[in-house]
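Notes follow the structure.
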Ligand code: ACM
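In this note's numbering, the protein residues as written are 64 to 326.
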């Protein structure tokens, strides 16, 4: 299965331009599963809930999800993309999963970072992998990487690939922890991080790039530059993520001792 990330710099508020850019980048290479960055269509640094509500879209009926659906149908691919989702009075930092057969799933970020807490509602959906014709993928967004429970829950529920739309700002951290998430759960991870800088409302953020694809042993199969617009595609065998053994005697899932964790 060919999996890929798209790394670019969305321009704040320029939804049409950003969606067009992401599609052009996906058209530049062949993959079966694409991951786009967090909030890829809107940009990241909102300054009010009103501004966020204006740029957020309904899922799956909003224009961005519909455009991605058309692309997925036409190209026969699956796309996981981070978008701002408006649902009645609520607004979520969300991700959609669309495939050749239509809309597949949504995920709403559980662990909000920084000022996201001021503007977004926290995610309210259980972590559930999505079945892509026999391959299970899990979705988590950016800061979720700091909470190993996110990846672990998806892995215990059968996820073989973690799709990770991101707007990482703490240099090296998400790249490191996603290697650990891959290693401790014996699965593949695809992080699509953005690049560039946003300065709004008195804040300035620099996004760290280095999108990456990681193997179940923690090896980095592909990593982007810190500041380039690029796609990265790797052929993987998702079946490898079904084997949780790390030695003849150790199976990472069978060896768990939940009766002693006392959670
Ligand atoms: C982040 O969660 N966007 C850092």
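For every residue, glycine included, the Cβ atom is placed at its ideal position computed from N, Cα and C.
Small disclaimer: the values here were computed from a predicted structure and weren't measured.
Rounded to whole angstroms, the Cβ separation of residue 162 and residue 141 is 4 Å, and the two are in contact under 8 Å.
Secondary structure note for residue 238: its alpha helix (DSSP H) is the uninterrupted segment 236-248. By the C-beta density criterion, residue 249 is buried, having at least 16 other C-beta atoms within 10 angstroms. The count of Cβ pairs closer than 8 Å, one atom from the segment 235-244 and one from the segment 106-120, stays below three, leaving the stretches out of contact. Counted as a single uninterrupted DSSP element, the stretch harbouring residue 230 is not any beta strand (DSSP E), since DSSP gives it neither H nor E. Per the Cβ contact rule, the segment 273-282 is in contact with the segment 68-78 (3 or more Cβ pairs under 8 Å). With a cutoff of 8 Å, residue 170 does not count as near the ligand ACM, since its C-beta is closer than that to no heavy atom of the ligand. Residue ranges of uninterrupted alpha helix (DSSP H) with 4 or more members, entirely inside the segment 150-198 and ordered along the chain, are 179-182. In the DSSP assignment, residue 296 falls within the unbroken beta strand (DSSP E) covering 293-298.
Bounds of the beta strand (DSSP E) holding residue 286 are 283-286.
The closest CA to that of residue 144, considering only 153, 221, 104 and 74, is found on 104.
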